[in-house]
Amino acid sequence: MSGVNAAMAYGTDGAIAALGLVALKDDKGAQIVYAPAPVVREAVLQRHPEIGAWLDPVFASLTLETLQTLNGDIAVEGVDAAAVAASYLKSKHFLP
Numbered sequence: 009m010s011g012v013n014a015a016m017a018y019g020t021d022g023a024i025a026a027l028g029l030v031a032l033k034d035d036k037g038a039q040i041v042y043a044p045a046p047v048v049r050e051a052v053l054q055r056h057p058e059i060g061a062w063l064d065p066v067f068a069s070l071t072l073e074t075l076q077t078l079n080g081d082i083a084v085e086g087v088d089a090a091a092v093a094a095s096y097l098k099s100k101h102f103l104p
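Just add 8 to the spot in the sequence shown (first one is 1) and you have this note's numbering.
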């Protein structure tokens with residue numbers, strides 16, 4: 009692989025999309041996959057069971073490529089994380 013540089017990164021690393029890099033497929037399953045997941049106290053979920061229905065489409069929309077882009081906006085471009093999240097949620101009509 010002359011002239012090829014390789015580095016280890018998480019699949020959701022923002023630099024992948026921001027720098028136009030290609031993530032190689034881990035066909036051996038050596039690297040764990042990081043996927044965002046909501047954390048809600050059981051007592052809150054019992055009082056508001058509709059929370060799950062609200063969150064399901066949000067988390068389903070967070071593909072690997074989407075996470076790379078959002079993380080790139082934050083880590084590479086320096087955009088405030090709350091602003092990136094709000095903009096994304098509004099663009100997908102999860103927020104008004």
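Glycine included, each C-beta is placed from N, C-alpha and C at the ideal position.
Bounds of the alpha helix (DSSP H) holding ASP81 are 72-83. Around the beta carbon of ALA25, a 10 Å sphere encloses 16 or more other beta carbons of the protein chains shown; the residue is thus reported as buried. When C-beta atoms of the region 65-74 are compared with those of the region 35-54, three or more pairs fall below 8 Å, so the two segments count as touching. Taking C-beta atoms as the reference points, ALA38 and LEU29 fail to come closer than 8 Å. In the DSSP assignment, LYS98 falls within the alpha helix (DSSP H) that extends over 89-99.
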